[in-house]
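Visitor: Quick note on this note's numbering: the sequence shown kicks off at 526 and runs consecutively. Starting off with a structure, shown below.
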Amino acid sequence: MQALALLICVPGPVLAESCFAPPRPFLPSDSQAARDYAAIIRGDFENYIQDIQSYFRCLDSERARAFEEAREVSEDYGRFLQLVGD
Numbered sequence: 526m527q528a529l530a531l532l533i534c535v536p537g538p539v540l541a542e543s544c545f546a547p548p549r550p551f552l553p554s555d556s557q558a559a560r561d562y563a564a565i566i567r568g569d570f571e572n573y574i575q576d577i578q579s580y581f582r583c584l585d586s587e588r589a590r591a592f593e594e595a596r597e598v599s600e601d602y603g604r605f606l607q608l609v610g611d
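Structural data, given as structure tokens:
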């Protein structure tokens with residue numbers, strides 16, 4: 526309940542997006558196992574490629590958000606310094 530109250534008090538733009546890297550696909554060292562499970566392994570690699578592209582887009586989005594936030598904070602700091610006469 527306290528966590529919910531805390532989230533309600535935190536403005537939305539303050540919350541950063543979480544980007545999670547996908548796990549690497551497993552590639553067996555045994556060539557027979559690789560052949561036996563080729564379809565599954567191929568699917569795992571194709572899913573990884575899609576997921577890593579989404580991860581990169583997430584990182585790009587978070588980077589842009591963080592730069593915008595840093596710009597706004599810098600402007601806020603400038604206004605603060607003017608208010609206190611520094």
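Even glycine gets a Cβ: it sits at the ideal position worked out from N, Cα and C.
Quick one: which unbroken alpha helix (DSSP H) runs of 4-plus residues sit fully inside the stretch 530 to 611? Chain order, please.
Guide: 556 to 561, 563 to 609, all fully within the stretch 530 to 611.
Visitor: Output yes or no for whether 8 Å exceeds the beta carbon distance between Y580 and P547.
Guide: Here residue 580 corresponds to residue number 55 of the sequence shown, with the count starting at 1. Here residue 547 corresponds to residue number 22 of the sequence shown, with the count starting at 1. Yes; because the gap between Cβ atoms is below 8 Å, this pair is in contact.
Visitor: Based on Cα-Cα distance, which residue from A589, L552, S586 lies nearest to I565?
Guide: If you number the sequence shown from 1, residue 565 lands on position 40. Of the candidates A589, L552, S586, the one whose C-alpha sits nearest the C-alpha of I565 is L552.
Visitor: Rounded to the nearest angstrom, what separates Y573 and A591 at their Cα positions?
Guide: For the purposes of this step, residue 573 is identified with residue 48 of the sequence shown, where counting begins at 1. For the purposes of this step, residue 591 is identified with residue 66 of the sequence shown, where counting begins at 1. Between Y573 and A591, the C-alpha separation is close to 26 Å.
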